[in-house]
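Heads up: the structure comes next, in C-alpha cells.
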Amino acid sequence: MREWRGVGLVGGWQVSASVCFYAVFATTAFLRAEFGLSRFRTGLAVTAVIAGYTAALFVAGAVVDADGERRPMIGGLVLMGLGCLGVAVAPTYPLVLAALVFVGVAYATAMPATNRAVLVVAPEGRRNLAMNVKQVGVTAGSGLSAGLITVAGARTDWTDGFLVAAGVAVAVAAVFAWGYDGRDGSGVLSPPDVRGLLSGSGYRGLLVAGFFLGAAVFTTTGYVVLHMTDAVAASAAVAGGALAAVQVTGSLGRLGGGALADRLSIPQTTANARVLFVQAVVSVAGFVAVTLVGAPLPAAATFAVLGFFVLGFPGMYYGCLTALVDDEEVGAATAGGQTAINLGGLLAPPAFGLLADAGGYALGWYGLAGCAALAAVALVPLVRG
Numbered sequence: 011m012r013e014w015r016g017v018g019l020v021g022g023w024q025v026s027a028s029v030c031f032y033a034v035f036a037t038t039a040f041l042r043a044e045f046g047l048s049r050f051r052t053g054l055a056v057t058a059v060i061a062g063y064t065a066a067l068f069v070a071g072a073v074v075d076a077d078g079e080r081r082p083m084i085g086g087l088v089l090m091g092l093g094c095l096g097v098a099v100a101p102t103y104p105l106v107l108a109a110l111v112f113v114g115v116a117y118a119t120a121m122p123a124t125n126r127a128v129l130v131v132a133p134e135g136r137r138n139l140a141m142n143v144k145q146v147g148v149t150a151g152s153g154l155s156a157g158l159i160t161v162a163g164a165r166t167d168w169t170d171g172f173l174v175a176a177g178v179a180v181a182v183a184a185v186f187a188w189g190y191d192g193r194d195g196s197g198v199l200s201p202p203d204v205r206g207l208l209s210g211s212g213y214r215g216l217l218v219a220g221f222f223l224g225a226a227v228f229t230t231t232g233y234v235v236l237h238m239t240d241a242v243a244a245s246a247a248v249a250g251g252a253l254a255a256v257q258v259t260g261s262l263g264r265l266g267g268g269a270l271a272d273r274l275s276i277p278q279t280t281a282n283a284r285v286l287f288v289q290a291v292v293s294v295a296g297f298v299a300v301t302l303v304g305a306p307l308p309a310a311a312t313f314a315v316l317g318f319f320v321l322g323f324p325g326m327y328y329g330c331l332t333a334l335v336d337d338e339e340v341g342a343a344t345a346g347g348q349t350a351i352n353l354g355g356l357l358a359p360p361a362f363g364l365l366a367d368a369g370g371y372a373l374g375w376y377g378l379a380g381c382a383a384l385a386a387v388a389l390v391p392l393v394r395g
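The sequence shown lines up with residues 11 to 395 when you count with the numbering used here.
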C-alpha cells in the first residue's frame, strides 16, 4: 500500500480543489434568492468560474512544465481557498462573480499539475488506474461540495459552506506540502509549443474528441435534474438521487476503464484510446435510451448506466493524452485538452436548452448522441494504433 501513498496525496489534493471549484454549481439557487437575480444572471456564476478556469489553462500548463507540479499545486490550492473566502464575504453579486473568476483561475493548476504528478507517483504498470483514481477526486469533490453547500444553506447560511471549503483547502495544501516531493520542471518558462503539439494528428483528434465529450458530460450533469422533473414527472428527491447516481457510476466507470487499459498488452496510447472509443460509442446508445423511458425510477436507472460511460471518460482521455506526449510537454498538452473540454462545456448546454425548448428534451439528447458519435469518429486514428 505504501506505493499508493503518493496517489492518495494527489487524489486528496484533487478532492479538495474540486470542492472549491464545484461549490458554485450547488449555490445557484441561494445566489438567486439572496441577490434577487434573473435566471440569466444566476447562470453567470457558473460561466464566471468556468471562464476563469479556461482563460488561465495555458499559463498554468507552462508554469507546471517549467517549475514542476509541487509548488503550483500548493499555491493553487491556497489561492482557491482565498477565492472561496472572497465568495463568502462578498457583499454584492458583481464581487461574487469576481471571486468566482479568481477560483477558476486558481483551479487551472489542477489538471496540468495533477496529470504530471500521476506520472511521478503511479506504481509500476498501474499508471492508467492511478490516473483514474485521481480523476475520481473530481466527482467526489463535486458531490461533497453539493452536500456541504446544501447542509450549510439549510442549517445556517450557504456562505458557511464556502468558509469550510476555504479552511479545508488551506489545510490540505499544508499536508500536501509536507508529504509530497514531486519532480522538477525544465526550469525554462516559455509559451506552450502549440504548433508542435498540433502537428500530431493523434493530438488533434484528441482535441476534437475532448470538445464533444466535454459537451456531453457538462450538459448531462446540467440537465439530468431538469429532465427528471420536467419530462418524467419525478420528485425533487428522485431527481437529485438520479444526479447523485450518475456521479457515483461515473466514478466507477473511471476506475473500471483505468484498470482495463492497464491490462491490455498494447501501447498505452492505443489502450486508452480503445477504452475511450468504447465509452463514446456506448454513450451514443445511452443518450438515445434516456429518450425512451417515461417513468421516474427506470429513467434514473438509465441515467445511472449512461453515467458509467459518459462520466467515465476523463481519466481515459488524460491517460491517452499523457501517453501521447513527452513528460516535459504534459502541462501544455493537458492545457490544450482541458480547454477543448471546457469549450464544449461552455457552448453545448445553451444549445441543448434551445433544442429542448424547440422540440422537447428528446431532441437535446439526440444532439448529445451526435456529439458522442463525433467524438468516437475523431478517435479512430488512435484506436487503430
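Virtual Cβ for every residue (Gly too), placed ideally from N, Cα, C.
Any heavy atom of the ligand MG closer than 8 Å to the CB of residue i?
i	result
Leu384	This structure does not include the ligand MG; it has no bound ligands of any sort.
Pull up the distance between the alpha-carbon of residue i and that of residue j, whole angstroms please.
i	j	result
Ala281	Ala156	34 Å
Val340	Leu208	14 Å
Leu253	Ala76	39 Å
Val393	Phe40	45 Å
Ala388	Thr124	25 Å
Ile84	Val180	9 Å
Gly370	Ala243	14 Å
Asp367	Thr312	23 Å
Glu44	Thr52	11 Å
If you follow the alpha helix (DSSP H) that residue i is part of, which residue opens it and which one closes it?
i	result
Pro122	120 to 131
Val293	The question names Val, but residue 293 is Ser in the sequence shown. Where Ser293 is concerned, the enclosing alpha helix (DSSP H) stretches over 278 to 300.
Glu44	38 to 45
Gly114	103 to 117
Hey, residue i and residue j: beta-carbon distance below 9 Å or not?
i	j	result
Arg405	Val74	Here the chain covers residues 11 to 395 and nothing more, so residue 405 does not appear.
Val234	Ala246	no
Val218	Ala350	yes
Gly347	Leu154	no
Leu151	Tyr32	One detail in the question is off: residue 151 reads as Gly in this sequence, not Leu. Contact: yes.
Ser261	Val146	yes
Gly322	Gln289	yes
Ala140	Val128	yes
Ala116	Cys30	yes
Leu316	Ala305	no
Arg264	Thr149	yes
Gly16	Val182	no
Under a Cβ-count criterion, where at least 16 other Cβ atoms within 10 Å of its own Cβ denotes burial, should residue i be classed as buried or exposed?
i	result
Thr166	exposed
Leu364	exposed
Phe319	buried
Glu79	buried
Ala175	buried
Ala109	buried
Pro101	exposed
Asp272	buried
Pro391	exposed
Arg284	buried
Ile276	exposed
Leu105	exposed
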